Amino acid sequence: MNLPHSQAATRRIFIFFFFFFFFFFFFFFFFFFFFFFFFLPLIAPSPYSPDILERINNDNVVVGCFHLFPAVHSRSDLEYDVPVAKSRKILGERSLLKIIENAQELRVSSKKTAKQLSYGTGRKNTQETKHRAVARFNSFRMHSLQQADLKVSLTGEDVLRFMDSIIGVIVPNRRNKPAPNASTAAAIIQVLVEYGIFTYNRSLTPQEKARIHTWYDGAKRDGRLTTGKWAERIRVGISTLSMMSKAWLRFYVKNGTISWDITLYKLFSVVLTSALACRVGDLARSTLSYSLEYTRWQDVDITIRMDSPKSVQWKDFEAQVTLRYTKFKKDTPRNNDVVYLSPLNDESTNHICPLALMILHAMRHGLVMPPSMCPNCQQFSLELIRSSAKEEEPTSFVSSTIVSSIFTAAELFDLWLLVQGTSVNNCSNRQCRL
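What follows is the structure, encoded as structure tokens:
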């Protein structure tokens with residue numbers, strides 16, 4: 001019975017001494033730390049001179065026992081703001097004031113533009129092609145796929161099924177061509193991808209692209225899509241052009257024509273396009289193009305060479321033709337192509353000379369002064385004659401430079417209309433005359 005009592009007493013004594021020594025050493029070390037690190041440096045003289053102490057204080061170093069240890073700087077002390085460039089005036093002050101003044105109008109107009117924006121980029125003809133592809137795709141979704149709600153985003157499966165169906169519906173524009181070209185199918189797929197991003201903010205996934213690519217390759221391999229050029233391209237040289245022009249003129253000299261203006265104009269269009277080595281769309285208006293996007297008389301400058309003799313011949317002429325509406329440059333003003341022309345030296349090729357046909361065409365349409373209107377001149381001049389055109393249409397003229405010519409109208413007509421020795425003077429058909 002005494003043993004448990006003695007163990008409890010021993011335990012209490014052990015706990016008492018443990019806490020006693022613990023608090024004793026705690027207060028001892030606390031007093032030692034406070035005395036040596038805080039109180040003693042205040043009453044002890046510093047071993048450093050006053051100037052060194054000043055430098056230490058300026059460098060934010062603690063005095064006392066920490067003289068040799070610089071203070072730890074906070075990172076916020078080393079942060080800097082972006083400098084603001086000072087200007088003598090407010091940048092964009094005029095535009096800022098205009099935005100503030102027209103804030104309500106700009107809000108309405110910008111909202112209207114954003115809501116009414118429809119898919120379609122490029123020229124009018126290109127936009128029509130894209131709209132046609134989208135209309136076909138939406139019709140296929142509604143009637144074949146039974147998707148009544150077109151507000152739901154398209155999928156790669158829809159595009160694949162549409163392409164597999166449409167290549168059997170499209171009629172190729174080439175005679176006897178069995179299937180559309182592979183480039184046409186690729187262009188339609190690209191249009192549908194752009195349409196999906198624009199309308200639904202959704203692009204095809206990598207899996208959908210891989211499936212469409214597999215179908216595309218298989219369609220080419222199976223002959224459902226043709227590759228390359230279906231018809232072999234033939235380069236028309238000067239011999240072929242001469243043969244075509246002679247046959248054209250010989251036919252109408254023999255059989256007659258309702259209007260030589262139309263006959264000569266058609267020949268002139270082919271010869272000029274060949275001489276300039278350009279596309280037909282670079283000279284004439286493209287489909288659905290704007291009204292003034294074609295080569296006009298103001299784009300042609302006819303001059304005389306400086307080294308020409310006093311008796312200037314028509315072969316001394318030179319022409320500079322400016323092509324302002326070539327492909328990929330129709331929307332970039334002042335990015336023009338300039339082509340220089342000179343007459344052909346061989347008289348047997350007058351029927352394919354672009355300058356001779358150009359002057360004759362201008363003369364027949366009243367853009368030159370005939371000899372009867374210039375009695376003081378033995379030679380007539382190609383000069384600016386402004387027509388009574390409408391305000392929105394450009395004034396037609398041959399050149400901004402007055403050019404002297406040395407032949408009459410009849411001489412010019414005989415110059416190139418002599419085909420195989422046949423002259424207008426001995427032509428019995430009255431429709432052949434000017």
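The sequence shown begins at 1 in the numbering used here and counts up one residue at a time.
Ideal Cβ placement from N, Cα and C applies to all residues, glycine included.
It should be emphasised that the depicted structure is a prediction, and the values quoted were computed from it without experimental measurement.
- Apart from sequence neighbours up to five positions away, the residues of its chain that approach lysine 220 with a beta-carbon distance below 7 Å are Ala182 and Thr227, ordered along the chain.
- With respect to arginine 224, isoleucine 167 sits close: the two C-beta atoms are nearer than 8 Å.
- Contact annotation: aspartate 299 and lysine 327 have beta-carbon atoms that are not nearer than 8 Å.
- Under the 8 Å Cβ criterion, the segment 182-197 counts as touching the segment 153-172, having at least three qualifying pairs.
- Our two residues, isoleucine 90 and threonine 214, have alpha carbons roughly 59 Å apart in a direct line.
- Checking the DSSP bridge columns, you'll see aspartate 337 partnered with Leu323.
- One Cα belongs to arginine 305, the other to alanine 356, and the distance between them is close to 16 Å.
- Taking C-beta atoms as the reference points, leucine 267 and serine 242 fail to come closer than 8 Å.
- One alpha carbon belongs to glutamate 93, the other to glycine 122, and they sit about 35 Å apart.
- Beta-bridge partners assigned by DSSP to valine 300: Val321.
- Between arginine 175 and the set Ala231, Thr113 and Phe317, the nearest pair of CA atoms involves Ala231.
- Per DSSP, the continuous alpha helix (DSSP H) segment holding threonine 214 begins and ends at 206-221.
- Taking each of Asp346, Gly366 and Asn335 in turn and checking the Cα distance to lysine 315, the smallest one comes out for Asp346.
- Threonine 121 carries a coil assignment under DSSP once its states are collapsed to helix, strand and coil.
- Residue nearest to asparagine 335 within the set Arg324, Pro343 and Trp297 is Arg324 (criterion: CA-CA distance).
- In this structure, Arg250 is the residue among Arg233, Glu79 and Arg250 with its C-alpha nearest to the C-alpha of histidine 351.
- Each residue's CA atom was taken as its position, placing arginine 141 and aspartate 331 some 35 Å apart.
- The straight-line gap separating the alpha-carbon atoms of aspartate 81 and glutamine 116 is approximately 43 Å.
- Taking a C-beta distance under 8 Å as the contact criterion, alanine 275 and leucine 360 do not qualify as a contact pair.
- The beta carbon of threonine 155 sits closer than 8 Å to the beta carbons of Glu208 from its chain, once the five residues preceding and following it are set aside; these are given in chain order.
- Beta-bridge partners assigned by DSSP to asparagine 181: Thr226.
- Annotated as proximal: leucine 272 and proline 354, with beta-carbon spacing under 8 Å.
- Counting other Cβ atoms within 10 Å of its Cβ, threonine 184 reaches 16 or more and is therefore classed as buried.
- Cβ-Cβ separation between tyrosine 200 and serine 153: approximately 4 Å, consistent with a contact (criterion under 8 Å).
- Between the alpha carbons of proline 178 and proline 172 lies a gap of roughly 7 Å.
- Within its own chain, the residues whose Cβ lies closer than 8 Å to the Cβ of serine 203, once the five positions on either side in sequence are excluded, are Val193, Gly196 and Ile197, listed in chain order.
- Per DSSP, asparagine 255 is one residue of the alpha helix (DSSP H) stretching across 238-255.
- If you look at glutamate 232, you'll find it isn't in any alpha helix (DSSP H); DSSP assigns it neither H nor E.
- Looking from the CA of histidine 365, the closest CA among Ile189, Gly120, His131 and Tyr265 belongs to Tyr265.
- Apart from sequence neighbours up to five positions away, the residues of its chain that approach glutamine 127 with a beta-carbon distance below 6 Å are Gly120, ordered along the chain.
- Listed in chain order, the alpha helix (DSSP H) elements of length 4 or more contained wholly in the segment 261-299 are 280-283.
- Burial of isoleucine 212 is indicated by the presence of at least 16 other C-beta atoms within 10 angstroms of its C-beta.
- For lysine 130, same chain residues with a beta-carbon under 6 Å away, outside a window of 5 residues either side, are Gly120 and Val191 in chain order.
- Of the candidates Lys229, Ala277 and Ala210, Ala277 places its Cα closest to the Cα of isoleucine 238.
- The beta carbon of tyrosine 252 lies closer than 6 Å to those of Thr263 in the same chain, with the five residues before and after it left out.
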